[in-house]
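Enquirer: The numbering used here applies: residue 29 is where the sequence shown begins, and numbers increase by one. We put the CB at the ideal spot given by N, CA and C, even for glycine.
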Amino acid sequence: MPRIARVVAIDLPHHITQRGNYQQRVFLDDRDRTQYLSWIQEYSVKYSLSLLVHCLMDNHIHFIAIPHKEDSLARAFNTAHMRYSQYFNKKMKTKGHLWQGRFYSCVLDEPHLITAARYIERNPVRAKIVNKPWQWKWSSAQTHINEGQAAVKPDNLFESIDMARGSWKEYIDSKEDEKTVKAIRAHTLTGRPLGSKAFIEKLEKRFSRRLIALPRGRPWRRQK
Numbered sequence: 029m030p031r032i033a034r035v036v037a038i039d040l041p042h043h044i045t046q047r048g049n050y051q052q053r054v055f056l057d058d059r060d061r062t063q064y065l066s067w068i069q070e071y072s073v074k075y076s077l078s079l080l081v082h083c084l085m086d087n088h089i090h091f092i093a094i095p096h097k098e099d100s101l102a103r104a105f106n107t108a109h110m111r112y113s114q115y116f117n118k119k120m121k122t123k124g125h126l127w128q129g130r131f132y133s134c135v136l137d138e139p140h141l142i143t144a145a146r147y148i149e150r151n152p153v154r155a156k157i158v159n160k161p162w163q164w165k166w167s168s169a170q171t172h173i174n175e176g177q178a179a180v181k182p183d184n185l186f187e188s189i190d191m192a193r194g195s196w197k198e199y200i201d202s203k204e205d206e207k208t209v210k211a212i213r214a215h216t217l218t219g220r221p222l223g224s225k226a227f228i229e230k231l232e233k234r235f236s237r238r239l240i241a242l243p244r245g246r247p248w249r250r251q252k
């Protein structure tokens, strides 16, 4: 399914991901990760972007963030990634693109915010790097279960979801079903919002554009 023009819904959560060019490693050590997160923190504050969830893997990144201006996502991530690319290329004495094109993103409703947050914080478990999500230092999992402080301070996830902090550890320790994982990946790669039919129809009215993928040959009627 083709990727659509980016949808940025102010004050709603978005899943963001980006890989290294040709899936190359973008973080070689903890110094790289610390430097990257410091710039993400700096530019998220500067460009009015609330960071709720994050996870750094060797060759890609995941975030859930809430933009408070139309250009918050683009300015925060593009600026941080450009600056980090310069740092990385200087360190490695190389030239060229570090990141694979522009970042991917999709808008999430509240139930899918919860499932996407678990999906992100379980990335190191699926990759068999750790046995438990909170054992990975470079995600927001430790902060969310009050067992450490992440290198980047996330905004309060639990103000945006109908789940208590005390339940989060058990929740992220449970494996998500494959259907959920596929849906999160597919919607993020195409840019189509991930949510209920009513949620997406509301966004279609807001942006005056079709956001639900329709069967081939079926015309779209603008919602009135």
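For E149, tell me which candidate among T171, L136 and M191 has the shortest Cα-Cα distance.
Expert: It is T171 whose Cα lies nearest to the Cα of E149.
Enquirer: Roughly how many whole angstroms lie between the Cα atoms of E175 and D137?
Expert: Near 27 Å, if we compare the C-alpha coordinates of D137 and E175.
Enquirer: Can you grab the Cα-Cα spacing for the pair A144 / G223, in whole Å?
Expert: About 11 Å.
Enquirer: Where Y199 and P152 are concerned, what is the direct C-alpha to C-alpha distance, given to the nearest angstrom?
Expert: Rounded to whole angstroms, Y199 to P152 spans 16 Å at the Cα level.
Enquirer: Between the Cα of D86 and the Cα atoms of I142, W166, A211 and S236, which residue gives the shortest distance?
Expert: Checking every option, the nearest Cα to that of D86 belongs to W166.
Enquirer: In chain order, which continuous runs of the beta strand (DSSP E) of length 3 or greater are located wholly inside the region 38-80?
Expert: For the region 38-80, whole beta strand (DSSP E) runs of length 3 or above, ordered along the chain, are 42-47.
Enquirer: Report all residues from its chain with a CB closer than 8 Å to the CB of Q63; omit the five preceding and five following residues, and keep chain order.
Expert: Here the set comprises Y112 and Y115.
Enquirer: By a C-beta neighbour count over all protein chains shown, 10 Å radius and 16 as the cutoff for buried, is I38 buried or exposed?
Expert: With fewer than 16 Cβ atoms within 10 Å of its Cβ, I38 is classed as exposed.
Enquirer: In terms of residues, what are the limits of the beta strand (DSSP E) holding P95?
Expert: P95 -> beta strand (DSSP E) spans H88 to P95.
Enquirer: Where K203 and Q51 are concerned, what is the direct C-alpha to C-alpha distance, given to the nearest angstrom?
Expert: The alpha-carbon atoms of K203 and Q51 are separated by roughly 25 Å.
Enquirer: Using a Cβ-Cβ cutoff of less than 7 Å, which residues in the same chain neighbour L239 once the five nearest sequence positions on both sides are dropped?
Expert: If we look at L239 and ignore the five residues flanking it on each side, its Cβ neighbours are V35, R220, P221, I228, L231 and E232.
Enquirer: Identify, in the order they occur along the chain, each residue of the same chain with its Cβ nearer than 6 Å to the Cβ of H90, setting aside the five sequence neighbours on each side.
Expert: Cβ neighbours of H90 beyond the five flanking positions: T45, C83 and I148.
Enquirer: For the alpha helix (DSSP H) containing S113, name the first residue and the last one.
Expert: Counting along the chain, the alpha helix (DSSP H) containing S113 begins and ends at S100 to M120.
Enquirer: Using DSSP with H/G/I as helix, E/B as strand and the rest coil, what is W127?
Expert: Strand.
Enquirer: Report all residues from its chain with a CB closer than 7 Å to the CB of W196; omit the five preceding and five following residues, and keep chain order.
Expert: For W196, where only same-chain residues beyond five positions count, the Cβ hits under 7 Å are H172 and I173.
Enquirer: Run through the region 165-250 for me and flag every whole alpha helix (DSSP H) of 4 or more residues, listed as ranges in chain order.
Expert: The qualifying runs are 169-172, 196-200, 206-218 and 225-235.
Enquirer: Thinking just about the alpha-carbon of each residue, which of R237, G194, K97 and V180 is nearest to the one in H42?
Expert: Cα-wise, what sits closest to H42 is K97.
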